[in-house]
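Down below is the structure, laid out as structure tokens.
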Amino acid sequence: MFELGNSLREARVRQGLDYPQVELATKIRAKYIRALEDEAFEVLPSETYVKGFLRSYAEYLGLDGQLYVDEYTMRYGGERFLDETPRRRARVHQDRGLERKVVLIALAGIATLTALVIVAWKFGGSDANEGTPPAVKTTKTVEPMALQLRGVGGGTYVEVRRRSETGKLLLAGTIARGDVQRLTGNRFWLYLKHSGNVRVSLGGRPVSLPARKNLKILVTPTRTALSGG
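Mapping the sequence shown onto the working numbering, position 84 (from 1) lands on 87, and the numbers just tick up by one.
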């Protein structure tokens, strides 16, 4: 057995990360990060959230996420399940009542609309030459997701591969101050010799990088995780 919360906190402090950085990288709210470190699991919405957040947070810190989930399940899983069962049943009853209300409102709306159509048809008349013009469809251009690297400071050597450390090499070289590189895609493996000298974003959203040299990291739209040593 080991202390779940303390080991997570020590790993975060050791890497020099604060709560806003972790929240940005993992998409887990800072108050839930604190709850995991304090082992205040009752703060989280459900046991499913606890396990999912534990796994994501541990893997972001370079730890074994499954090990933390197993330890939580062994120590707290049964108690949390028994505590949540009555609340789940109450929520099911509430949802069913809400569904009935929605159905009744929808039926009433359909009846009203039908009556209006009948009245308009009987008394409004029609003119084949003055019909409603067809709606104009607009096409919204969606830009493909892309990884952007911008050199700051003294610049740094970088390598970028598609999807994983063994994936296709997309970029290898030094990004100097002011240089900008864009690579289309949504999952990348990066090696950064000096992570403080480059700013990384994916799909227009900044990626929070742990403050360390020779950084190897996996970047996706949903998480940022350390890769290798």
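Even for Gly, the Cβ is constructed at its ideal location relative to N, Cα and C. Predicted model only: the values in this text are computed from it and were never measured.
Spatially closest choice to residue i from the options, by CA coordinates
i, options, result
"L205", "V155, E102, Q184 and T51", "Q184"
"P209", "V25, V16 and G8", "V25"
"Y22", "A33, A28, K216 and L57", "A33"
"G168", "V201, T76 and W192", "Strictly speaking, residue 168 in this sequence is Glu, with Gly absent from that position. That would be W192, whose Cα lies nearest to the Cα of E168."
C-beta contact flag for residue i and residue j at 9 angstroms
i, j, result
"S198", "K216", "yes"
"L47", "Y63", "no"
"P213", "M148", "no"
Anticipated Cβ contact below 8 angstroms, residue i with residue j, distance rounded
i, j, result
"G188", "R165", "6 angstroms"
"L173", "V161", "Not quite, the Cβ-Cβ distance comes to about 10 angstroms (not below 8 angstroms), so this is no contact."
DSSP-derived helix/strand/coil call for residue i
i, result
"F56", "helix"
"G154", "strand"
"R208", "strand"
"Q18", "coil"
"I113", "helix"
"S167", "coil"
"S129", "Low local confidence applies: a pLDDT of 47 at S129 is under 50, so the model's placement there is unreliable, with the coordinate-based value given in what follows. Here S129 sits in coil by DSSP."
"R32", "coil"
"R78", "helix"
"E6", "coil"
Per DSSP, cross-strand counterpart(s) of residue i
i, result
"I220", "L193 and L229"
"E162", "A175 and Y194"
"A149", "T187"
"V201", "G154"
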